[in-house]
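What follows is one structure encoded as structure tokens, with my remarks underneath.
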Amino acid sequence: MKQSVVAAFVVGLVCGIVLWPLALLKAPGAWQIAQQQVCQIVDGGRWVAKPGLCVKADCYLNGTCGQWAALPASVCSSVAQGDNLAKAYFEMGEPVSISDDAYHWRWHAASDEGPIAVVDGERIAAFTCSPPDGLASSQTDGGSLFGNFKLPFSDKRGNIMD
189 MKQSVVAAFV VGLVCGIVLW PLALLKAPGA WQIAQQQVCQ IVDGGRWVAK PGLCVKADCY
249 LNGTCGQWAA LPASVCSSVA QGDNLAKAYF EMGEPVSISD DAYHWRWHAA SDEGPIAVVD
309 GERIAAFTCS PPDGLASSQT DGGSLFGNFK LPFSDKRGNI MD
């Protein structure tokens, strides 16, 4: 009797450890949420829901930042004078245009306005950023050339934030 109780406990434990996570990953959207969390927590990247990409902080070096469909107002506090150009690319994607040493981004596809970084070498010498009224200040990740998606993101402890 004692052995059968122990065996049942072991089987239950194995099912709980092995099968339960597998069942969760079969749930609609669970795999994407798991990928998103790995991207953000482990890789320090930004998850782009469509087409399912992780844009990492080294995207500037790799040429994989893409052009974000929309920028949140929070980029004004994320990028600053003195930052490396690579940080601006990670936070705002590839600029829509570069004129001499001025790099231009757009708030959204229908806008002609957006942040401007004047670059000296690989550093931002000046950063002009004035979001238009009504622009969302929360984290909004578009995807490189794929549209605008509001995604949850997590802090360094893995807590989901809106």
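Here the working numbering = 1-based position in the sequence shown + 188. Each residue gets a CB set at the ideal place from its N, CA and C atoms; glycine is no exception.
- With fewer than 16 other beta carbons inside 10 angstroms of its own, Q269 counts as exposed.
- Fewer than three pairs of CB atoms, one per stretch, sit closer than 8 Å, so the region 233 to 241 makes no contact with the region 257 to 269.
- Per the coordinates, the alpha-carbon of Q255 lies some 9 Å from the alpha-carbon of R294.
- Per DSSP, the continuous alpha helix (DSSP H) segment holding W219 begins and ends at A218 to Q225.
- Fewer than three pairs of CB atoms, one per stretch, sit closer than 8 Å, so the region 222 to 231 makes no contact with the region 274 to 281.
- Around the beta carbon of L259, 16 or more other beta carbons lie within 10 angstroms, which makes this residue buried.
- Distances from the alpha-carbon of E310 to those of W219, A222, D289 and S299 put D289 closest.
- A direct Cα-to-Cα measurement between N250 and D321 gives close to 34 Å.
- Rounded to whole angstroms, the separation of the alpha carbons of W235 and D246 is 14 Å.
- Closest by C-alpha distance to A297, out of E279, A257, S318 and Q220, is A257.
- Per DSSP, D288 has no beta-bridge partner at all.
- Beta-bridge partners of C242 (DSSP): W235.
- Taking all protein chains shown into account, E301 has fewer than 16 neighbouring C-beta atoms within 10 Å of its C-beta and is therefore exposed.
- P319 is a Cβ neighbour of A261, given a cutoff of 8 Å.
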